[in-house]
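Sequential numbering from 21 applies to the sequence shown in this note's numbering.
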Amino acid sequence: MERRTFLRIAASASASVFASGAAAQAPAAKPNIIVILADDLGYGDTGPYGATKVKTPNLDRLASRSMRFTNAYCSSATCTPTRYSLLTGRYAFRKEGSGVLPGDAPLLITPGQPTIASVLKGGGYATGVVGKWHLGLGNGNVDWNGVIKPGPAEIGFDYSFLMPATADRTPCVYTENDRVVGLDPKDPITVRYDKPIPGEPTGADNPGMLRWHPSHGHDMAIVNGISRIGYMKGGHAARWMDEGIADTITRKATNFIDAHANKEKPFFLYFATADIHVPRAPNPRFVGKSECGIRCDAAVQLDWSVGQILEAIDRNDIAANTLLIFTSDNGAVIDDGYEDGAFEDLNGHLASGPLRGGKYSIYEGGTRVPFIVNWPGRVKPGLSEAIVSQVDLLASFAALAGISIPEEAGPDSLNHIQTILGESNESRAHVVEHANILAIRQGRWKYIPAGGRGSGALYWNGGTRPANGAQELYDLERDLGERNNVAALHPEVTERLTAMLDKVVKDGRTR
Ligand code: NG6
Ligand code: CA
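Encoded structure:
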């Protein structure tokens, strides 16, 4: 047996020993772990997943040295629920109120509920989160001028630098470790979502002040000539410049790597980019750098951010000891509320690649996402068609680092670390897809039950589904684009998958 093969088998054997909770026999590998979570990046938006009109050289280089997955899922077709599931290892459909949150929502994850951050921290990691949060902060009624708690610190992060909600929601400021950055106390911040703040211009009343007009919603507070969701007053010195967001948060992320590389503790960094979510206002140095408009220019900027992370890894010489995963929080959307030309400038670019639908949609384009796993020396470059899910990261990272997790942790998080590292082709037994209805994928089959609320205006690429639609069954091996509903031909399969989905829902957990 080759030495490398032996080492790999030995390493994975010890990982599963730890996962099963047996006595420690050898020190577990505790690599640094970096998760880069892009926002609204579609399955087909990058070079490694077939894009040609947008060049992503850093992701191409990364992918050429990584395991690239073609059947990887986020939990949900929007942001908040996916982030909840990723961090807690619990399907968000189980959590009431885990839909897209307003910017003044309280913290969605209960302090004490295990998260990837708290589990790894408990296992000796230094933990940090940088970028888009969108999981709520505080207990309701946040005072943005004081200490904002509970937040990331209460669920396991030693360090945080956040955009509290989304780029298109107020407050348009950063927080660092529980406080707004750069706030002038003489210009305090007020945020509200229920009604306008007297004296503050809104997009609805001042279209002449806007760079782009909203196409849906987004007609409240005006910040940098862009009207947002939510109202805001004050905090002028602290407000972000949209064109500088990628620079700012990428620098905070690489600062975290520089500060924690090669220290006694390994580190976990969760870097959540604002790209390529609306409003798409990339730095001028990226404008016009793609052949598919402003949305793709934002993808070029995202690729730059990834390149900066790779450079920080190289500069600190930690590649051999760093597991890096690049993925997205939901599928692609073209018009997500602003008339920014994204649709007009598509130029044939297929944001969802070969998949049907996109963000918000129950079809594959909603939740099947890029997933690139890099760990030089440990993860072999290649392609994996195994079904994997972000919800498994908690249990899988814990197993990798030799940390046993309590029974109640990550109720839907299964240890699939060997598949994630490309050492096994074993798929997750099934995966639930969550949009305005739940669907289930098992092996080649994708089943969407009858019913559901239906979906409307923002849907594209065949993503629309009528309210109370008929049941749908697709054979993804033959019909990746979900064009031929074969439910009527395979009643035994629809029955089996109906029962399977019911059980996942009723049991309250899958682990
Ligand atoms: C929707 C917004 C959309 C986007 C989304 C959240 C409207 C009409 N649409 O409600 O623009 O902000 O919420 O996106 O307001 S996510 O990626 O954070 O889930
Ligand atoms: Ca998103």
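Every residue, glycine too, gets a C-beta built ideally from N, C-alpha and C. Bear in mind the structure is a predicted one, so any value in this text is a computation, not a measurement.
- Taken from the Cβ of ASN350, at least one heavy atom of ligand 2 lies inside 6 Å.
- Judged by the Cβ position, HIS454 fails to qualify as a neighbour of ligand 1 at the 6 Å threshold, every heavy atom of the ligand being at least this far.
- Distances from the CB of CYS94 to the heavy atoms of ligand 2 are all 6 Å or more.
- Inclusion of SER86 and ILE392 in the CB contact set at 7 Å is warranted, their separation being smaller than that value.
- Counting every other CB atom within 10 Å of its CB across the protein chains shown gives ALA508 a total below 16, marking it as exposed.
- Relative to ligand 1, ILE249 has its C-beta within less than 6 Å of a heavy atom.
- Burial is judged here by how many other beta carbons sit within 10 angstroms of a residue's own beta carbon; PRO227 has fewer than 16 and is exposed.
- Contact between ALA371 and GLY378 is confirmed by a C-beta separation of about 7 Å, below the 8 Å threshold.
- Distance check between ASN197 and each of ARG212, ASP204, PHE181 places PHE181 closest, using alpha-carbon atoms only.
- Not one heavy atom of ligand 2 sits closer than 6 Å to the Cβ of ASP188.
- The residues LYS50, ASN52, TYR145, in chain order, have a CB closer than 6 Å to that of PRO286 in the same chain once the five nearest residues on each side in sequence are set aside.
- Exclusion of the five residues before and after PRO172 leaves VAL149, SER180 as the residues of its chain whose Cβ lies within less than 6 Å of its Cβ.
- Per DSSP, reduced to three states, the secondary structure at PHE363 is coil, with no helix or strand assignment.
- THR387 and GLY471 have their alpha carbons spaced roughly 19 Å apart.
- Positions of the beta strand (DSSP E) runs, each at least 3 residues long and wholly inside the segment 46 to 134, are given as 52 to 58, 87 to 93 in order along the chain.
- At a threshold of 6 Å, THR98 counts as near ligand 1, since its beta carbon sits closer than that to one of the ligand's heavy atoms.
- Counting the other CB atoms within 10 Å of its CB gives GLU384 a total of 16 or more, which places it among the buried residues.
- In the three-state DSSP reduction, THR530 falls in the coil class, being neither helix nor strand.
- Contact between ALA352 and ASP60 is confirmed by a C-beta separation of about 7 Å, below the 8 Å threshold.
- Between TRP324 and TYR290, the alpha-carbon positions lie close to 17 Å from each other.
- Nearest in C-alpha terms to ILE209, of all of TYR111, GLU174, GLY254, ASN244, is GLY254.
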